[in-house]
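Numbering (my numbering), first residue to last: 1 to 524.
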C-alpha cells in the first residue's frame with residue numbers, strides 16, 4: 001500500500017495541479033476571468049438564485065386551450081375527409097370537450113369510424129344511429145398534456161437563452177406547471193412579459209367585402225373572424241378592428257429567423273421562412289396582389305400591409321408603430337417559436353442581490369468556522385498525522401471548487417451546506433485510517449507495517465461508507481429539484497474528491513515522510 005511508481009506520483013501531482021488551476025479563476029472578478037485566453041482555465045462557479053439574486057416564477061400551462069385547438073383541428077380534418085369521400089353529414093362542430101356530427105346515411109358508420117381512426121387513434125368514438133360523438137381518451141389527454149409541457153419547456157429555454165441569462169432553471173413541476181428560476185435577472189417584469197407571451201404568429205387575408213363596423217355589430221361573414229388591432233391595447237391612434245379570413249395562409253412555424261431592423265429610420269422586424277414556407281408565402285402574395293395581408297400575433301393584428309407585388313424571396317418585413325425595444329422583443333419571440341398554450345403566473349418571487357450577498361457571507365462564515373474547527377480537532381488529536389490530514393482537506397476543497405467550475409455546476413445555499421458536510425466526511429476517512437494504524441501499533445507492529453496495514457484494512461470500510469452515501473446523493477440529484485439538487489451536486493462531487501485526497505494524497509504524503517525519516521515510533 002505504500003509503494004508508489006513514478007507514473008502514479010506524477011498522475012497524483014497532475015490532478016492536484018489541474019484542480020488548483022481550475023479553482024484559481026474564482027479568485028478573480030468575472031470580467032477579468034472572461035478576458036483570459038481560451039487556453040487558460042477561466043470558468044467560474046455559477047451562483048444560484050439564492051446567492052446572486054434573480055427571479056423565481058411558477059407558471060401554469062393552459063392545457064384546456066390545447067384541447068380546444070385539437071378538437072377544432074379535428075373538426076376541420078373530419079369535414080375535409082367526409083367531403084373527399086362524399087359522405088353526407090349534419091351539424092359538425094364542438095360541444096364542450098367533444099366533437100359531434102350526424103350522418104345522413106347511417107349505413108356508412110363503419111366507413112366513417114375507420115376514417116376517424118386514421119385521423120386520430122386516441123379517440124373514444126360513440127355512435128348511435130349515425131350520431132357520432134368523438135372525445136379524447138384518457139391516454140390521449142395525458143399524452144397531449146405531456147407534449148404541451150415538453151414543448152413549452154423547450155420554447156421557454158430558447159427564449160431565456162436569447163435574453164442571455166446565465167444558468168437558468170426551467171423544469172416541470174407537477175402535472176401542468178413549470179418552475180423557472182433566473183439568477184441575476186435585474187428586470188424580472190420584462191423577462192416575465194417575454195416568457196408569458198404565446199407568440200403565435202399567423203398570416204391571414206383581410207376580407208375587402210366586409211365592414212369592421214358591421215362585424216362589430218354582430219354581422220361577421222361566414223369563414224371570417226373579427227380581430228382587434230395591436231393599437232387596441234396601446235392606444236395609438238384609437239382602437240381599430242379588422243375582418244380577416246379564418247383560413248391561415250402561412251403559419252409562423254415556418255419562420256427560420258427574425259431580426260430587429262430599421263426601414264426608413266423606423267424600427268421594424270425582418271423575417272425569413274424555410275423553403276416550404278417561402279414558396280407558400282410567395283404563392284399567396286402572387287395570387288393576391290393589391291389585397292391586404294394581416295399579420296396576426298396572439299389574436300391581434302399587428303400590421304396589415306397591402307401586397308403591391310409578389311414577394312418571392314422567402315422573406316419580408318413586419319412594420320408598425322413599434323419602439324426599438326418592442327421590435328427586439330418581437331424578433332426574440334419569433335426566433336424562439338410560439339408556445340403551444342398560454343401560460344399564467346401562479347407564484348412570483350424576486351431575490352435581491354443584497355440578500356444573495358448576505359447568503360454568500362453567511363455560507364463563507366459557516367464554511368470557515370467549520371474548516372477551522374475540523375483542522376484544530378485533527379491537529380489536536382493526531383498531531384503530525386493530523387496536520388497531514390488538514391493539508392489533504394484543504395486540497396480536497398480546492399479540487400471540489402475546481403470540479404464545480406469545470407462542470408459549470410450551479411452553487412446554491414444548500415450546495416454550501418454540502419461543502420461543509422464534505423469537510424466532516426473528508427476527515428472521517430482519515431480518522432478511520434489513523435485509528436486502524438493506532439490499533440496496529442498497539443498490536444506490536446513496526447511503524448512501516450502498521451501504516452501499510454492501517455491503510456489497507458481501512459480502505460474497504462472507507463469505500464463502503466462513501467459508496468452508500470454516493471448512491472443516496474445520486475438519488476437526490478435524479479429525483480430532487482432546485483435546492484435538493486444543489487446539495488446533491490456538492491455532496492457527490494465532494495465524495496469523489498474525498499476518496500482521492502484521503503486515500504491517495506494522504507497515503508503518498510505519509511509514505512514519503514516514512515521513507516525519509518524512518519521513525520522508530522509513530523507520532524500518533
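Note that the Cβ used here is the ideal one computed from N, Cα and C, for glycine as well.
How many whole angstroms separate the CB atoms of residue i and residue j, which I take to be in contact at a CB cut-off of 8 Å?
i: residue 143; j: residue 341; result: So it is not a contact: roughly 15 Å between Cβ atoms.
i: residue 565; j: residue 135; result: Because the chain in this structure spans residues 1 to 524, residue 565 falls outside the shown range and cannot be described.
i: residue 293; j: residue 205; result: 6 Å
i: residue 22; j: residue 406; result: 5 Å
i: residue 33; j: residue 25; result: 4 Å
i: residue 331; j: residue 258; result: 4 Å
What three-state label does DSSP hand residue i in the structure shown?
i: residue 271; result: strand
i: residue 307; result: coil
i: residue 132; result: strand
i: residue 188; result: helix
i: residue 442; result: helix
i: residue 202; result: strand
i: residue 247; result: coil
i: residue 220; result: coil
i: residue 229; result: strand
i: residue 521; result: coil
i: residue 492; result: helix
i: residue 175; result: coil
i: residue 300; result: strand
i: residue 137; result: coil
i: residue 342; result: coil
i: residue 409; result: coil
i: residue 20; result: helix
i: residue 237; result: Reliability of the predicted coordinates at residue 237 is poor, the pLDDT of 47 falling under 50, and the value obtained from them is presented with this limitation in mind. Correct three-state label for residue 237: coil.
i: residue 210; result: coil
i: residue 37; result: coil
i: residue 183; result: strand
i: residue 506; result: helix
In whole angstroms, what is the alpha-carbon distance linking residue i and residue j?
i: residue 328; j: residue 278; result: 23 Å
i: residue 102; j: residue 208; result: 35 Å
i: residue 107; j: residue 130; result: 8 Å
i: residue 522; j: residue 428; result: 20 Å
i: residue 116; j: residue 74; result: 9 Å
i: residue 419; j: residue 52; result: 18 Å
i: residue 515; j: residue 409; result: 40 Å
i: residue 271; j: residue 172; result: 31 Å
i: residue 237; j: residue 85; result: Because the pLDDT of residue 237 is 47, which lies under 50, any placement of that residue in the model is unreliable, and the question is left without a value.
i: residue 235; j: residue 198; result: For residue 235, the predicted structure reports a pLDDT of 42, less than 50, and the residue's modelled location is therefore unreliable. The matter cannot be settled from this model.
i: residue 573; j: residue 163; result: Beyond the ends of the chain as shown, which are 1 and 524, falls residue 573; an answer cannot be given.
i: residue 280; j: residue 175; result: 38 Å
i: residue 91; j: residue 296; result: 29 Å
i: residue 378; j: residue 393; result: 10 Å
i: residue 233; j: residue 242; result: For residue 233, the predicted structure reports a pLDDT of 46, less than 50, and the residue's modelled location is therefore unreliable. A value from the coordinates is still provided. Answer to the nearest angstrom: the Cα atoms are 14 Å apart.
i: residue 252; j: residue 39; result: 42 Å
i: residue 520; j: residue 489; result: 44 Å
i: residue 494; j: residue 265; result: 57 Å
i: residue 506; j: residue 389; result: 7 Å
i: residue 480; j: residue 168; result: 17 Å
i: residue 469; j: residue 432; result: 16 Å
i: residue 274; j: residue 402; result: 44 Å
i: residue 110; j: residue 70; result: 23 Å
i: residue 20; j: residue 6; result: 21 Å
i: residue 276; j: residue 311; result: 14 Å
i: residue 159; j: residue 333; result: 7 Å
i: residue 526; j: residue 139; result: This structure cannot settle anything about residue 526, because the visible part of the chain is limited to 1 through 524.
i: residue 153; j: residue 452; result: 55 Å
Checking 8 Å against the spacing of the C-beta atoms, do residue i and residue j come in under that value?
i: residue 55; j: residue 182; result: yes
i: residue 302; j: residue 320; result: yes
i: residue 501; j: residue 395; result: yes
i: residue 416; j: residue 338; result: no
i: residue 49; j: residue 81; result: no
i: residue 87; j: residue 112; result: yes
i: residue 180; j: residue 194; result: no
i: residue 503; j: residue 459; result: yes
i: residue 9; j: residue 491; result: no
i: residue 457; j: residue 438; result: no
i: residue 498; j: residue 466; result: yes
i: residue 284; j: residue 248; result: no
i: residue 307; j: residue 290; result: yes
i: residue 300; j: residue 227; result: yes
i: residue 350; j: residue 413; result: no
i: residue 224; j: residue 245; result: yes
Does the beta carbon of residue i sit closer than 8 Å to a beta carbon anywhere in chain D?
i: residue 40; result: Protein chain content of the structure displayed is limited to a single chain, and chain D is not contained in it.
(message) In chain order, what are the residue ranges of uninterrupted beta strand (DSSP E) at least 3 long that sit wholly in the stretch 40 to 115?
(response) For the stretch 40 to 115, the continuous beta strand (DSSP E) assignments of 3+ residues that do not extend past its boundaries occur at 54 to 61, 89 to 95, 98 to 103, in sequence order.
(request) Scan the stretch 356 to 407 and note each continuous alpha helix (DSSP H) run of 4 residues or more that stays entirely inside, going in chain order. (result) Runs of the alpha helix (DSSP H) inside the stretch 356 to 407: 384 to 407.
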